[in-house]
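Visitor: Numbered according to our numbering, the sequence shown spans residues 2 to 100.
Every residue gets a Cβ at the ideal spot worked out from N, C-alpha and C, and that includes glycine.
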Amino acid sequence: MNQETTSSVGASEFSAENMDRFFGRLDEKVRKSPREAVLIAFLAGALLQVFAIRHLVLTAARVILWLATPVLFVFTAWRLFQLGNSDGNLSRFFGSKRQ
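1. Per DSSP, what kind of secondary structure is PHE15 in: helix, strand or coil?
2. When we look at the beta-carbon of THR7 and count the other beta-carbons within 10 Å, is it buried (16 or more) or exposed?
3. Whole angstroms is fine: what's the gap from ILE41's alpha carbon to GLN50's?
4. Out of curiosity, what's the CA-to-CA distance linking PHE24 and ALA61?
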């Protein structure tokens, strides 16, 4: 096949006439077995819901992990500041003893 034939086949696949035929066949199939169509629609909706929730959970986990390091750093600095202010020095943490 040459380039012109390939591009013309690709362009005619989505013509209005082909789309009408596709939806006509789909309509007939739904009329013949509505139970199957409802089941497929339900499963498709459930899959879309699961993927949407999975995306939200993954995004929340990324944000939490991204914020964990700065939050822990600030918390640790604050606790050291509080302990240092209670008796005026942090020598008990760093091993230098006054005599």
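Guide: Concretely, from the data shown:
1. Coil.
2. Confidence at THR7 is low in this model, with a pLDDT of 47, below 50, so the placement of that residue should be treated as unreliable; the coordinate-derived value is given next. THR7 is classed as exposed because its beta carbon has fewer than 16 other beta carbons within 10 Å across all chains shown.
3. Roughly 14 Å between the two C-alpha positions.
4. Answer to the nearest angstrom: the Cα atoms are 39 Å apart.
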